[in-house]
Amino acid sequence: MKIFVTKFASFRPSSENPSESPKLPYVDSLFKRRLSQISRMTIEVVHEVVGENGENADAKIVFTSFRGEIVRQLKTNKTLFEDSAVMPASFSISVFNTPPGVATIVCKVKAGYTAIFPSENNFSSSLVAAAAGILAGSDEKIIFAYADELVPAEYKNCPDYTDSAPLAFACVLSAKKSDGAIEIPLESSELSKISLTPEDFLRYLESARNK
């Protein structure tokens, strides 16, 4: 079986303002007021691939991230350290599955979502996991979304610190080929070449689209 990307969208903050977030003019101002950068970016790219008419709103979302809600997690940890307690509301929006959760609400995706972590920091493992339902025949299409936000400066002295720029993208994975669809090679050596990192995979999609 072959897997195709039939639609994709991405968001990158400007290099001058890496903390920049999408404006989300289609989201209620009270709802988006408390959204983090990663949640806003996830909503933006999922909204684009779902489409204005909701043509892909029946697809499940598989979301992956290396760091998740790292800014909110840091704030929660600080509060726990200083006050020995955390407010339930603060904790509820600091968990790993917050970005896809709020994206399903805004984009009216009712098929559900799954949040996964890339195995051994290899992004291609997330891509394979997202495609599993299609390969097994249980899903015709899947919305695969990735996002990571700006890492707080407090982490700069950590051994595994990375200053990689914030990035988000979403794509529709499908078993059916359509006009302009991009085939994803499933042979392990070929797949790892194009999807070892999120940036690699997005470059592959952008290059294929521009051919």
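The numbering used here puts the first residue of the sequence shown at 207, with every later residue one more than the last.
Note that CB positions come from ideal geometry on N, CA and C, so glycine has one too.
Remember, predicted model here, so these are calculated numbers, not experimental data.
Close-in-space but distant-in-sequence residues of the same chain around residue i (CB under 7 Å, 5 per side omitted)
i, result
"Asp169", "Because the chain in this structure spans residues 207 to 417, residue 169 falls outside the shown range and cannot be described."
"Pro324", "Thr270, Phe272, Ser331 and Ser332"
"Ala215", "Val251, Glu254, Val255, Phe375 and Ala376"
"Asn328", "Leu402"
Those residues which DSSP pairs with residue i across a bridge
i, result
"Thr320", "Val268"
"Asp354", "Leu373"
"Ile348", "Lys266 and Leu379"
"Glu226", "Note: Glu226 sits in no beta bridge, so no partner."
Enclosing beta strand (DSSP E) for residue i [first to last residue]
i, result
"Thr310", "Where Thr310 is concerned, there is no enclosing beta strand (DSSP E), although the alpha helix (DSSP H) it sits in stretches over Thr304 to Cys313."
"Glu254", "It is not in any beta strand (DSSP E) - Glu254 instead sits in the alpha helix (DSSP H) that spans Gln243 to Val256."
"Lys213", "Ile209 to Phe217"
"Glu396", "Segment Ser394 to Ser401 is the alpha helix (DSSP H) holding Glu396; no beta strand (DSSP E) there."
"Leu379", "Leu373 to Ser380"
"Glu389", "Ile388 to Ile390"
Rounded separation between residue i and residue j - CA only
i, j, result
"Lys166", "Asn363", "An answer regarding residue 166 cannot be provided, because it is not within the stretch 207 to 417 covered by the chain."
"Ile267", "Ile349", "5 Å"
"Ile249", "Val334", "22 Å"
"Ser370", "Met207", "34 Å"
"Pro305", "Ser394", "29 Å"
"Leu230", "Ser245", "11 Å"
"Val357", "Gly386", "35 Å"
"Ala353", "Tyr319", "15 Å"
"Arg409", "Ser235", "33 Å"
"Phe237", "Glu275", "17 Å"
"Glu222", "Pro404", "21 Å"
"Glu360", "Phe407", "29 Å"
"Lys417", "Arg240", "40 Å"
"Ala351", "Asp366", "24 Å"
"Ile400", "Ala414", "11 Å"
"Ser344", "Val315", "18 Å"
"Pro219", "Gly307", "22 Å"
"Phe297", "Glu355", "Interpretation of Phe297 is limited by its pLDDT of 47, a score under 50 that renders its predicted location unreliable; no figure is taken from the coordinates."
Near the ligand NAD: residue i beta-carbon under 7 Å from a heavy atom
i, result
"Tyr410", "The ligand NAD is not among the ligands present in this structure, which contains no ligands whatsoever."
Residues of its chain near residue i, where Cβ-Cβ distance is below 6 Å and the 5 sequence neighbours each way are ignored
i, result
"Val418", "Shown here, the chain extends from 207 to 417; a query on residue 418 therefore has no answer."
"Asn303", "Ala321"
"Ala309", "Thr248, Ile249 and Val252"
"Leu397", "Ser330 and Pro391"
"Lys347", "Ala265, Val378 and Ser380"
Neighbourhood of residue i by C-beta distance below 8 Å, restricted to the same chain and skipping five residues each side
i, result
"Ile209", "Ala337, Ile340, Leu341, Leu379, Ser380, Ala381, Glu389, Ile390 and Leu392"
"Tyr232", "His253 and Val312"
Beta carbon proximity, residue i to chain C, threshold 8 Å
i, result
"Phe214", "The structure shown contains no chain C; it holds only a single protein chain."
Expected contact under 8 Å - CB spacing of residue i and residue j to nearest Å
i, j, result
"Val211", "Leu411", "6 Å"
"Pro228", "Phe217", "6 Å"
Terminal residues of the alpha helix (DSSP H) in which residue i lies
i, result
"Ser406", "Rather than Ser, the amino acid found at residue 406 in this sequence is Asp. That run of the alpha helix (DSSP H) goes Pro404 to Asn416."
"Val334", "Phe329 to Leu341"
"Lys238", "Ser235 to Lys238"
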